[in-house]
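To start, the structure under review is shown below, and the notes come after it.
In our numbering, the protein residues as written are 167 to 274.
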C-alpha cells in the first residue's frame with residue numbers, strides 16, 4: 167500500500183518544513199512506501215488533490231496548508247490530524263493501513 171503525502175517544497179513554505187519532515191520521518195521509519203508530490207509544479211496534480219479533499223476540510227478562504235496526506239485518492243488529513251493520530255496511537259488507521267505488530271493499534 168502506498169501513501170501519497172502531498173507536500174509543498176517551496177521556500178515560502180519554510181515554516182511548514184518541520185511538519186512535512188515529521189510525516190516523512192514517520193513513513194520512512196515504518197518502511198511505508200510513499201510519494202512526495204510538489205503540487206506547485208503541476209496545476210493538474212494540485213486540482214486532483216483538491217478535488218479529493220472533503221468539502222468540510224476545505225477552507226472558506228485561502229489555501230490548504232501542506233502537508234495534506236492521502237492514501238491513493240483517499241484523503242487522510244493534514245498535519246494536525248496526523249499529529250493527533252500519533253498522540254492517540256491510531257496513526258496506521260489514520261493512514262488507512264493495517265497496524266504493525268509493534269503498534270498499540272495492533273493490541274486487542
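The beta carbon of each residue, even a glycine, is placed where N, CA and C say it ideally should be.
Because the structure is a prediction, the values reported are computed rather than measured.
Its chain contains 235, 236, 260, 261 and 262 as the residues whose beta carbon lies nearer than 7 Å to that of residue 242, once the 5 sequence neighbours on both sides are disregarded; these appear in chain order.
CA-CA distance, residue 181 to residue 187, rounds to 11 Å. Residue 203 is classed as buried because its beta carbon has at least 16 other beta carbons within 10 Å across all chains shown.
Only exposed fits residue 240, as fewer than 16 other CB atoms lie within 10 angstroms of its CB. C-alpha of residue 216 to C-alpha of residue 246: approximately 18 Å in a straight line. In this structure, DSSP gives residue 190 a helical state, which the three-state scheme calls helix. The beta carbons of residue 196 and residue 266 sit about 7 Å from each other, so the pair counts as a contact at 8 Å.
With respect to residue 219, residue 231 sits apart: the two C-beta atoms are not nearer than 8 Å.
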